[in-house]
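The working numbering puts the first residue of the sequence shown at 4, with every later residue one more than the last. Virtual Cβ for every residue (Gly too), placed ideally from N, Cα, C. To keep things clear, I will list the structure first and then write my remarks on it.
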Amino acid sequence: MLVEYPPIVEVQFLVYTIPVILGVELGFYFFYQYKKSRSTKLPLNRILLSYGWFTLFMVNGAFFQVVNRLMFAGTNEFLARIGFSAIFLAPIGFMAFILIKESRKLINLKLAWIITIGSFTPLLLLFMLGSKHPAFMASIGITALNAISVIMYQVRMIRASMGNIRKRLGQLFTGEILALLALVFAFIVVFSSNDAVRIPVYFIGVSFLITGLLVMFYASNDFPPFYEFDWKNNLLKLFVIDQVSNQFLYARDFTKKAGGMTTGDAAALASDAGHDASHDAMRDSLFSGAISGIEAMLATISASSQQRLTEIDQGESIILLEYSSPGLSPLVYALVVTKDLSSLRHFEKAIKDQFETFFAGLLNDMDRVTKAGNPGRVFKSFDIILQNMLE
């Protein structure tokens, strides 16, 4: 026998399917973005898993509660338990994915783990005592504490981030807050007995939820790589070297202001006029006695194409090495850093990709560039691209 519900109940149910569909799609889109970025091996990209988990469980948990309220007047204990379980697991999963050593600058990992593990207490009480038991209701405070940890982590993460990733994280956080504001309206709906209040408040709450999910969708589109928080502080210098002519094509000193060693110094390194003094000074700065000269280093790293060096440890600094793509003139990209981070290796590969894309025509005919003289001035326009990559 089919049960007939008032039209307004059916409308409320149908309206709520919109955020459910959006939430499921958004959750799996976060997972897809993480899978796509796994090759970068950047630990903090796990935040995408946190957002995916949180969105899926929070939206679907609320859906079970809505069904229970609309179809069973809140009396179906099975739906109540499933709904509460999903809602409680949302912040637990969020924190579990990002409680890694890279997050220690933002949060006390031990304390966060204690709160996260303690958040299973409401789940145990829920299935042991039921959703109406006072002990279960009191234990919800632990989940609220974990939810506060989630919010505090994101606030600190945004403050510690820079450039485009900070903008995206800010947008995600804004969307999340808008979506969570729907919970305020949900409490009014649950605890109010006046339909004249409950129904409009319900639709306002769903509107906030839909808006928040749409903002999160926008922010998650083509999510940028999430570098370690202090990656820029470990940058020292960048050199692009032609292995054939042993000339510096491009140079950048990150310890100076933008452009501090990009145009004039790089051009001097490649020019005949500035070759002797500037070239020797730059070479000494790069190798600081670890290798006698640029020619020796190039001979070493290119002795075997199958066993190329990927780094040179100089004690106080490390030279990360990247090589040009097959089919192009043999170049070496040397990034001098104070610490070997996954973010810096990814950044160097991104530099190589941008350099090869921007100067594709020139790199296919380096003989002509070299014969024309002063290649440093030819490649100095890379300053703008590199600066954009740093922002």
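Within the region 36-94, the complete alpha helix (DSSP H) segments at least 4 residues long are 50-75, listed from N- to C-terminus.
Residue ranges of uninterrupted beta strand (DSSP E) with 3 or more members, entirely inside the region 313-361 and ordered along the chain, are 314-316, 321-326 and 334-340. Per DSSP, Val-193 lies in no beta strand (DSSP E); the unbroken alpha helix (DSSP H) holding it starts and ends at 166-194. By the Cβ rule, the region 196-203 does not count as touching the region 144-163, because fewer than three pairs are nearer than 8 Å. With contacts defined by Cβ atoms closer than 7 Å, Thr-119 and Ile-95 form a contacting pair. Per DSSP, Tyr-32 has no beta-bridge partner at all.
As the crow flies, the alpha-carbon of Ala-150 is around 25 Å from that of Ile-21.
Looking at the DSSP output, Leu-241 bridges to Arg-255 and Leu-338.
For the options Ile-168, Trp-56 and Ser-320, the alpha carbon positioned closest to that of Phe-31 is the one of Trp-56. By the neighbour-count criterion, in which a residue is buried when 16 or more other Cβ atoms sit within 10 angstroms of its Cβ, Ser-42 is exposed. Inter-segment contact for the region 358-375 and the region 318-326 is absent: fewer than three beta-carbon pairs are separated by less than 8 Å.
Beta-bridge analysis with DSSP links Gln-250 to Asp-245. Arg-107 sits exposed, since fewer than 16 C-beta atoms from the chains shown fall within 10 Å of its C-beta.
In the structure shown, Leu-109 falls within a coil segment according to DSSP collapsed to helix, strand and coil.
Residue environment for Thr-146: buried (at least 16 other C-beta atoms within 10 angstroms of its C-beta). Boundaries of the alpha helix (DSSP H) harbouring Arg-162: 137-163, taken from the DSSP string. Taken through DSSP and simplified to helix, strand or coil, Leu-102 comes out as coil. Excluding its 5 nearest sequence neighbours in each direction, Tyr-54 has C-beta neighbours in its own chain below 6 Å: Phe-33, listed in chain order. Classified as buried, Leu-59 has 16 or more neighbouring CB atoms from the shown chains inside 10 Å of its CB. Each of Val-153, Asn-111 and Ile-90 was checked against the Cα of Leu-129, and the nearest Cα belongs to Ile-90. Contact between Val-340 and Leu-238 holds: their C-beta atoms lie close to 6 Å from each other, under 8 Å. When DSSP states are grouped into helix, strand and coil, Tyr-230 belongs to the coil group. Here the region 189-198 makes no contact with the region 134-148; the two share fewer than three CB pairs at distances below 8 Å. Counting C-beta atoms within 10 angstroms of its own C-beta, Glu-80 has fewer than 16 neighbours from the protein chains shown and is therefore classed as exposed.
The C-beta separation of Leu-29 from Phe-211 comes to about 15 Å, leaving the pair out of contact by the 8 Å criterion.
Taking 7 Å as the cut-off, the Cβ atoms of Phe-100 and Arg-49 count as close.
Note that the C-beta distance between Ile-244 and Val-335 is below 7 Å. The beta carbon of Leu-148 lies closer than 7 Å to those of Ile-118 in the same chain, with the five residues before and after it left out. Looking at the backbone, the Cα of Val-153 and that of Met-98 are separated by about 7 Å. In terms of Cβ geometry, Val-23 and Val-62 form a close pair [threshold 7 Å]. Only residues of its own chain outside the window of five on either side were considered, and among them Gly-64, Phe-67 and Gln-68 have a CB closer than 6 Å to the CB of Gly-86, listed in chain order. Excluding residues up to 5 positions away in sequence, Tyr-37 and Phe-100 lie with their Cβ nearer than 6 Å to the Cβ of Leu-52 in the same chain.
In this chain, Phe-382 is not harboured by any alpha helix (DSSP H), its DSSP state being neither H nor E. Arg-311 sits in coil when the DSSP states are folded into three classes, being neither helix nor strand. Boundaries of the alpha helix (DSSP H) around Ser-210: 198-223. Separation of the CB atoms of Ala-83 and Ser-134 is rounded to 4 Å, and the pair is thereby assigned contact status at 8 Å.
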